[in-house]
Amino acid sequence: MENRLVKAWMTSPAITVSPETNLKDARSLISEHNIRALPVLKDNKLVGIITKRGLLRLDLSVLGIETWNSHADLEDGKVADIMTRKPLTVIPDSTVPKAARVMLENKITALPVVQKGVLVGILTNSDILRFLITGYPELPKPVLVQNCMTDEVVTLSRYSSLLEAHTLMGTKRIRSLPVMENDHLVGLVTRTDLMSSDPSRLASRNNQELSLKILTQDVEKVMTKDVMTIGQNVEVIEAAKIMLEKKIHVLPVLDESQNLKGILTESDLFLMVIQKFY
Numbered sequence: 003m004e005n006r007l008v009k010a011w012m013t014s015p016a017i018t019v020s021p022e023t024n025l026k027d028a029r030s031l032i033s034e035h036n037i038r039a040l041p042v043l044k045d046n047k048l049v050g051i052i053t054k055r056g057l058l059r060l061d062l063s064v065l066g067i068e069t070w071n072s073h074a075d076l077e078d079g080k081v082a083d084i085m086t087r088k089p090l091t092v093i094p095d096s097t098v099p100k101a102a103r104v105m106l107e108n109k110i111t112a113l114p115v116v117q118k119g120v121l122v123g124i125l126t127n128s129d130i131l132r133f134l135i136t137g138y139p140e141l142p143k144p145v146l147v148q149n150c151m152t153d154e155v156v157t158l159s160r161y162s163s164l165l166e167a168h169t170l171m172g173t174k175r176i177r178s179l180p181v182m183e184n185d186h187l188v189g190l191v192t193r194t195d196l197m198s199s200d201p202s203r204l205a206s207r208n209n210q211e212l213s214l215k216i217l218t219q220d221v222e223k224v225m226t227k228d229v230m231t232i233g234q235n236v237e238v239i240e241a242a243k244i245m246l247e248k249k250i251h252v253l254p255v256l257d258e259s260q261n262l263k264g265i266l267t268e269s270d271l272f273l274m275v276i277q278k279f280y
């Protein structure tokens with residue numbers, strides 16, 4: 003590709019917040035603009051970053067727990083309470099593949115773009131996907147989903163507990179788990195779903211009873227049931243387009259008989275960007 007520099011693909015200007023921004027307002031910004039991360043500025047200097055995953059808190063009404071309102075104090079919190087301080091950054095003249103490597107190795111979905119100490123934009127997972135989609139036609143031969151996907155898939159049943167899902171994701175270092183029933187895909191639970199159910203200090207301070215009640219619920223309560231999937235013989239560019247359009251980071255991979263054969267994630271596509279365009 004002719005232009006592989008971050009400055010050609012970053013989102014600019016970036017939507018930002020301050021450390022004193024109310025968490026409810028930060029969550030509204032992320033929802034309104036359909037983004038996953040907000041750089042945090044103080045006196046025009048980057049001091050942190052806050053992500054959608056960090057803000058999500060499970061609506062316990064879904065689980066039939068009416069005590070949510072008496073324990074959740076998200077509205078009273080400030081961005082400074084949960085932001086990641088001293089975030090990783092990238093310069094405008096770095097290349098997208100190098101930035102993708104940083105994001106992949108550190109399991110992050112956004113890099114603030116900083117020039118001489120000033121925030122000039124943000125490079126997100128969506129920008130990496132746009133880069134891949136634009137550059138794909140220049141590759142010497144097509145790349146199929148089955149050549150990029152992870153074929154050893156860890157799965158759950160709909161009756162597995164949230165605690166079991168938490169444990170699996172932690173030990174396997176993965177962000178999504180297909181939910182199976184009688185060898186058929188019936189749902190998908192992601193780390194974002196589980197972060198929502200994490201009994202954090204903002205959701206259930208010193209309340210072990212509430213935490214236990216949350217974590218013993220079935221994953222069926224929080225899983226996505228209408229799951230977007232992709233065929234194993236489809237070209238990768240189609241998967242990237244779906245992820246970009248739907249704002250999702252994972253696609254279960256099915257064969258012609260609708261059997262689960264693997265899973266394709268944003269991380270797999272980031273790795274492809276590194277390998278094909280570095």
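Sequence positions in the sequence shown follow this note's numbering and run 3 to 280. Ideal Cβ positions, reconstructed from N, Cα and C, are used throughout, including at glycine. All values derive from a computational prediction rather than experimental measurement.
query, result
"Per-residue burial, residue 161 [other beta carbons within 10 Å of its own, 16 or more giving buried]", "exposed"
"Given 8 Å, three or more beta-carbon pairs between the stretch 4 to 20 and the stretch 115 to 133", "yes"
"Reduced DSSP secondary structure (H/G/I, E/B, other) of residue 274", "helix"
"Cα-Cα separation, residue 234 to residue 263", "8 Å"
"Exposure of residue 251, with buried meaning 16 or more beta-carbon neighbours within 10 Å", "buried"
"Residue 60 in three-state terms, based on DSSP", "Caution is warranted here: a pLDDT of 34 is assigned to residue 60, below 50, making its placement in the model unreliable, and the coordinate value is therefore given only provisionally. Correct three-state label for residue 60: coil."
"Cβ pair count under 8 Å reaching 3, the stretch 113 to 126 against the stretch 215 to 233", "no"
"According to DSSP, residues forming a beta bridge with residue 117", "120"
"Whole-angstrom distance between residue 44 and residue 82, CA atom to CA atom", "11 Å"
"Nearest to residue 89 (by Cα), restricted to the options 39, 137 and 95", "39"
"CB-CB length for residue 238 against residue 99, believed under 8 Å", "Not a contact, Cβ separation roughly 16 Å."
"Residues near residue 101 in its chain [Cβ-Cβ closer than 7 Å; skip 5 each side]", "8, 92, 113 and 125"
"Candidates 52, 148 and 166, of which the one nearest residue 156 by Cα", "166"
"Buried or exposed by the 16-neighbour rule on C-beta atoms within 10 Å, applied to residue 267", "buried"
"Inter-residue Cα distance where the pair is residue 243 and residue 134", "9 Å"
"Alpha-carbon spacing of residue 46 relative to residue 28, whole angstroms", "18 Å"
"Cut-off 6 Å between Cβ atoms - residues of its own chain near residue 138, not counting five sequence neighbours on either side", "239"
"Residue burial classification, residue 56 (beta-carbon count within 10 angstroms, cutoff 16)", "buried"
"9 Å Cβ cutoff met for residue 287 and residue 51", "In the structure as shown, the chain begins at 3 and stops at 280. Residue 287 is therefore absent and cannot be evaluated."
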